[in-house]
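At the far end of the sequence shown sits residue 388, using the UniProt record's numbering, and the numbering has no gaps. Cβ coordinates follow ideal geometry from the N, Cα and C atoms, glycine included. Since this is a predicted model, take the numbers as computed values, not measurements. Report on one structure; see the data block that follows.
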Amino acid sequence: MKIPTNDEDKNSEADLNNQQSFNVTDSQDEKGNQHEESTSTTDEETDPQNRDQKMRRDISHVQSVDTCQKSESDSVRKKTRKASLVKNCKQSPKGKRSTFNKLGKRKGVAHNVSMRTESERPYVCQECGKSFDYFFKVRIHMRTHTGEKPFLCKECDKSFSRVYGLKTHMRTHTGEKPFPCKDCDTSFRQISHLKAHMRTHTGETPFSCKECDASFCYVSSLKTHMKTHTGERPFSCKQCDTSFRQMSHLKAHMRTHTGEKPFSCKECDASFCHVYSLKTHMRTHTGEKPFTCKECDKSFSQMSHLKAHMRTHTGEMPFSCKECDASFCHVSNLKAHMKTHTGEKPFSCKECETSFRQISHLKVHMRTHTGETPFSCEECDKPSTCTE
């Protein structure tokens, strides 16, 4: 039986690695010279049983070498992958977001990779420079630049850039006010409005004017107040030359042109174009006079009346006539005085042809027709139609 030499084993292994031939008799030596195939016939070559055993031995040897190579290759691959992971973990900046799959679980990364911190805002708007912690917030924010308003109200023509804006708006149609104040009976459509309202109970005024000492519980009130310093009146009436600091004031003013009076008194037939006028009027029914003078005991139903009254104590007369030297502490007195120059008497008696400059004068005159004598003399109890 022919025993393979060491040279033949080495050459056979080289041939296996090069994947050229599995025939050990055709191997090359180290110098590259081929051995001549033996022409002699041995028992191993002629005996079928011996030939099968030799073939199985050769195949077993090849499989052993191949398995060894695969094992070594897998080991190298695992070591390389592990080294790569450790390297990536060391190079990963602190606080960087870990990789997540669709199920929300972290993929195989080293334990020293930090999660994204709350303070990190990696998504930046290229239009204004604002940063966000999630990409979807950037997409929503971009609508402020593009003007996109994809959420439409089915009840009216209004549209909104965010879905919660639409939900809040829908409460104006349904009348829903899910946020009640615990200190009073007022309810609100938005939680932010409730929080702002609570400052009226706590007295908190966190929004301060930089020009003066005024402070406010609403930021909108501060913005409106600032226009008193700048003189800005951006809302102009198209019917006349009057301008206003607030849109709500312009809308209320427009009712003086249209004659609309949507605020009606439930106690009488009076109606008003301003809601504050209705509130003031209601005090004539309730007798409420919440504004009291600190100098005397007089009280008033309106703050403006108290301010005007205070001038009687200070002697201030800020309303001057341009035609003469007369000045007045009340603007209404100036308006009445101006009619002495113009000769205007807009208040006429329906019973006779007498006209008057002031409505109060007409009311006193009407008592001469009705016979009403609401005033009496303190000295003789004689009735009189007027106080004088």
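Give the DSSP-derived three-state secondary structure of residue i in the structure shown.
i, result
"S220", "helix"
"Y134", "coil"
"T242", "coil"
"M338", "helix"
"S304", "helix"
Excluding the five sequence neighbours on either side, which residues of its own chain have a C-beta within less than 8 Å of the C-beta of residue i, listed in chain order?
i, result
"T242", "S236 and H253"
"H365", "C349, T354 and F356"
"R255", "K261, P262, C273 and H274"
"H305", "F291"
"M317", "R311, S327, F328 and C329"
"E155", "M170 and H173"
For residue i, which residues from the same chain have a beta carbon less than 7 Å from its beta carbon, with the 5 sequence-adjacent residues on both sides left out?
i, result
"E295", "H313"
"S320", "S327"
"G280", "According to the sequence shown, residue 280 is Thr rather than Gly. Within the same chain, T280 has close Cβ partners S301 and Q302."
"R121", "S131, F132 and D133"
"T224", "R245 and Q246"
"L222", "F207, C209 and F216"
"S264", "S271"
"residue 399", "The chain is shown only over 1 to 388; residue 399 falls outside these bounds and no answer can be derived."
"E211", "H229"
Compute the Euclidean distance between the alpha carbons of residue i and residue j, then round it to the nearest angstrom.
i, j, result
"L250", "F244", "6 Å"
"D133", "Y123", "6 Å"
"F160", "E127", "20 Å"
"K345", "R367", "19 Å"
"G165", "F347", "52 Å"
"C184", "H369", "50 Å"
"K238", "C380", "59 Å"
"D315", "K307", "According to the sequence displayed, residue 315 carries Gly and not Asp. C-alpha separation (whole angstroms): 12 Å."
"H285", "S271", "14 Å"
"G287", "M198", "29 Å"
"K158", "H193", "21 Å"
"D325", "R311", "18 Å"
"K149", "I140", "10 Å"
"E323", "T228", "29 Å"
"T340", "C153", "57 Å"
"M170", "E267", "33 Å"
"H309", "D269", "30 Å"
"H201", "T342", "50 Å"
"T174", "T258", "29 Å"
"Y218", "K195", "10 Å"
"S299", "S332", "19 Å"
"K137", "T146", "15 Å"
"residue 389", "P178", "No information on residue 389 is available, as it lies outside the stretch 1 to 388 that the chain covers here."
"T373", "C352", "19 Å"
"E232", "M226", "9 Å"
"C125", "S220", "27 Å"
"V163", "C293", "51 Å"
"residue 396", "G129", "Residue coverage of the chain in this structure runs from 1 to 388, which leaves residue 396 outside it and unanswerable."
"K182", "G371", "55 Å"
"residue 413", "F151", "Because the chain in this structure spans residues 1 to 388, residue 413 falls outside the shown range and cannot be described."
"C240", "S248", "17 Å"
"E176", "G203", "27 Å"
If I measure Cβ to Cβ from residue i and keep anything under 6 Å in the same chain, skipping five residues before and after, which residues do I get?
i, result
"R283", "S301"
"T172", "none"
"S215", "T205 and S208"
"Y276", "none"
"R143", "S161"
| message | For a minimum of 3 consecutive residues, which ranges assigned as the beta strand (DSSP E) are wholly contained in the UniProt domain "C2H2-type" (347-374)? | response | none
| query | What are the complete alpha helix (DSSP H) segments, minimum 4 residues, inside the region 148-233? | reply | Secondary structure within the region 148-233: the alpha helix (DSSP H) runs of 4 or more consecutive residues, fully enclosed, are 163-174, 191-202 and 219-230 (chain order).
| said: Check whether the region 332-347 and the region 356-363 touch, using three or more Cβ-Cβ pairs below 8 Å as the test. | reply: Enough Cβ pairs lie closer than 8 Å, so yes.
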